[in-house]
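Numbering (our numbering), first residue to last: 1 to 62.
This is the structure:
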């Protein structure tokens, strides 16, 4: 994980991390609040990567 940050959309807060080393390049992944609070920049996160239809990948964190 290379960065972590929060974003807002209306009254909702989203907990995001940026990861590198994926086949498609760096990506932003949304985590739940508890997991986001337990992580720090530089931590490893296991990401299950799927190429997806029409070239849009989808990912699951473990």
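Cβ atoms here follow ideal geometry from the backbone N, Cα and C, with glycine treated the same way.
Rounded to whole angstroms, residue 17 and residue 29 show a C-alpha spacing of 5 Å.
Exclusion of the five residues before and after residue 3 leaves 17, 18, 41 as the residues of its chain whose Cβ lies within less than 8 Å of its Cβ.
Rounded to whole angstroms, the gap between the alpha carbons of residue 50 and residue 26 is 14 Å.
If you check the CB distance, residue 61 and residue 31 come in under 8 Å. Cβ-Cβ distances below 6 Å link residue 13 to 6 in the same chain, with the five nearest sequence neighbours on each side left out; the list follows chain order.
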